[in-house]
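Structure, as structure tokens:
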Amino acid sequence: MLAGMSLRHQAGRAVRRVRRSIEPTAPPPTIDGQQPLVGHDTVDVRKLLDTYTVDELSEAADDYYRKNLDGVDYYYAKPVGNIDEAPDLLICFAQVLAGVRPIRGMRVLDFGAGTGWTSRMLTQLGCEVVVCDVSATALDIAAEMFERLPVAGDQPAPTFLRWDGFRFDLDDESIDRIFCIDAFHHVPNPAAVLAEMGRVLKPGGVAGFQEPGPNHSKTAQSQFEMKQFTVIENDIIMDNIDEWGRAAGFTDLRLAVFTSDQFQTSIEGYNDFLAGGVTRTHLYEHMLPFVGERRIFFLSKGERATADSRERRGLDARLEIHLDAGPIGAGTAIVGHATATNTGTTHWLASDAVQGPVLIGVHLLDAEGKYLDRDYTRIPLPRGSGGGVASGEAVAFDFELAAPESPGDYQLEFDLVAEHVAWFEMNGVPTTLLPLVVT
Ligand SMILES: C[S@@+](CC[C@H](N)C(=O)[O-])C[C@H]1O[C@@H](n2cnc3c(N)ncnc32)[C@H](O)[C@@H]1O
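Take 608 as the starting number for the sequence shown in the working numbering and just add one per residue.
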């Protein structure tokens, strides 16, 4: 038995529980650019949806994992279980990650998380992850995986939530970001799921999806899965997503155009591409099968909340520092004056914020420029408008810092730092280097 864990199981709705067999239908027409379609005994996903209840399909999803427990190591190894799928899994997840941009400290719902590899990545990024799946067995495996492969550092512990097919046991507007990797096309009630996502997502939140395309149900692999496991392998039709998304309160739908199928060319081809030659057309042609068969999309709920110093992107500053003249005794206080101007595009969080606070960071160097202590001290900034320092705002203040305990010739280098995010110097902000003589 897999390691125990506390799941918040929910009672399913009262539904009919009449199980009927799925009769094969006539083969569908061939679709250009798709995997070979099965010719006989074709399962029509719509018939599957009409035949089984949401609860029955939820049960089938759990059954799928129970039947595959012998191969549990594959789930622990995911996304690098085998080379046939690893590049695609990683590239597609990276695309969703780049579109959703969860920030350290955010509460993230990983819907259809399965055995949890994406949840583990998101936890490693510092997010507070709700690992959610319809299968209690998959969640058990996920919990075991977190035990066996703990994330590095002190990250928020994930919570595990069983999806009952209808409603998240989560408060309204309690989630900052939603991930749904290869799971939405399995749900029998997609409009209702999107409505639930819209309910729990905060204004300014984003939900990112990686799903197959409009002909998915007819591929050989989908046919196999539906016949063998009674799992829904639905087609993803973006017009439907758009309509259901709007009804759920989402205000924008964007799709990512890329391919996980690498395009390689010669040096000549690369130069031709850069010069606008025919290689550009070759790239587009190369991308088409992937772009036709996949849908990586993002649903936003209102304008994204203004970015802040939990992200390196957009951090920029002008920092002016002056130290009072005169001899400095070892260990005594050095008095200085600072003006820090936020010339970037994002809000600096207050110096006592839990995530991404902005402070002045001081490095100690010897007279020759050798670093003696890169974290010599931190100087908090005063609060400006809105708690921290807004884009375009300047704060001017006096400060004190302790001189080194040993007499000698030193230098102090002043920079700004978004704690655990970035030194501003990394974004091209000049530091201020000042000599210091300690007597
Ligand atoms: C292909 S797996 C992807 C899991 C995970 N996101 C990953 O990338 O490893 C699809 C997930 O959808 C879930 N699923 C299957 N049928 C479902 C249903 N009827 N309702 C909700 N989720 C379902 C499964 O439990 C499964 O974990």
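Heads up, the beta-carbon is just placed ideally off N, CA and C, and yes, glycines get one too.
These numbers were taken from a predicted model, which means no experiment stands behind them.
Under the three-state reduction of DSSP, which class applies to residue i: helix, strand or coil?
i, result
"W770", "coil"
"E780", "coil"
"G1015", "strand"
"V1045", "strand"
"E900", "helix"
"L1023", "strand"
"I638", "Note that I638 scores a pLDDT of 32, beneath 50, so its modelled location is shaky; the value from the coordinates is reported in the next line. Three-state result, I638: coil."
"P643", "Low confidence applies here, because P643 scores a pLDDT of 38, under 50, leaving its location unreliable and the question unanswered by this model."
"G999", "coil"
"R925", "strand"
"I762", "The residue you asked about is not Ile; residue 762 is Gln in the sequence shown. It is coil, neither helix nor strand."
"E1032", "helix"
"P821", "coil"
"T577", "In the structure displayed, the chain extends from 608 to 1046; residue 577 sits before or after that span and is not available."
"T730", "helix"
"Q835", "helix"
"S613", "Legend: pLDDT at S613 = 31, less than 50; position of this residue unreliable, no value from coordinates given."
"V794", "coil"
"I848", "helix"
"I843", "coil"
"F753", "helix"
"S855", "For clarity, residue 855 is Ala in the given sequence; the question names Ser instead. Three-state result, A855: coil."
"F880", "helix"
"A802", "helix"
Using the DSSP secondary-structure output, state which residues sit across from residue i in a beta bridge.
i, result
"D717", "V738, F786"
"L860", "L906"
"R917", "Paired residue(s): none; R917 is not in a bridge."
"F865", "According to DSSP, which records beta bridges pairwise, F865 is partnered with nothing at all."
"E1007", "V942"
"L930", "G943"
"A814", "I785, L906"
"L1040", "E1020"
"L808", "I782"
"L886", "The sequence given here has Thr at residue 886, not Leu. None, per the DSSP bridge assignment."
Shortest alpha-carbon distance to residue i belongs to which of the options?
i, options, result
"S916", "T1039, S998, G719", "S998"
"Q962", "N878, A1025, S1013", "A1025"
"A798", "A749, I848, K834", "I848"
"Y683", "C734, H793, A720", "A720"
"F775", "A827, V737, L746, A912", "V737"
"G760", "G933, C734, F767", "C734"
"L988", "V741, W770, A1003, D982", "A1003"
"D789", "G820, F767, D778", "G820"
"F1021", "R902, F1006, V1028, I782", "F1006"
"G815", "V838, R861, H793", "R861"
"E918", "Y659, F897, E840, R711", "R711"
"Y671", "M1033, I935, A745, F773", "A745"
"V652", "P686, P765, V794", "V794"
"R902", "D680, I928, E692, V864", "V864"
"P709", "D842, F786, S958", "F786"
"T722", "L704, Q762, L768, T658", "L768"
"Y681", "A749, L664, I928, R981", "A749"
"L922", "T950, L656, T939, V1045", "T950"
"Y983", "G993, D959, Y1017", "Y1017"
"L756", "H889, D662, W724, T939", "W724"
"D657", "I839, E900, D959, T1038", "I839"
Suppose contacts are defined by Cβ-Cβ distances below 8 Å. Is residue i in contact with residue j by that definition?
i, j, result
"C739", "F718", "yes"
"F905", "G706", "yes"
"A1001", "T952", "no"
"A854", "A924", "no"
"H893", "T866", "yes"
"W1030", "V996", "no"
"L729", "V807", "no"
"S742", "D677", "no"
"L1019", "L1043", "yes"
"E751", "F791", "no"
"G968", "R990", "no"
"A667", "T837", "yes"
"G976", "E910", "no"
"L966", "D980", "no"
"S824", "D842", "yes"
"V661", "F773", "yes"
Could you check whether the Cβ of residue i sits closer than 8 Å to any Cβ belonging to chain D?
i, result
"A997", "Among the chains in the structure shown there is no chain D, since it carries only a single protein chain."
Say yes only if the C-beta of residue i is nearer than 7 Å to one or more non-hydrogen atoms of ligand 2, and no if none qualify.
i, result
"H954", "Among the ligands modelled here, namely ligand 1, ligand 2 does not occur."
Alpha helix (DSSP H) segments (min. 4 residues) lying fully within the region 934–995 = none
Any alpha helix (DSSP H) of 4 or more consecutive residues that is wholly inside the region 655–724 | 661–674, 679–684, 693–707
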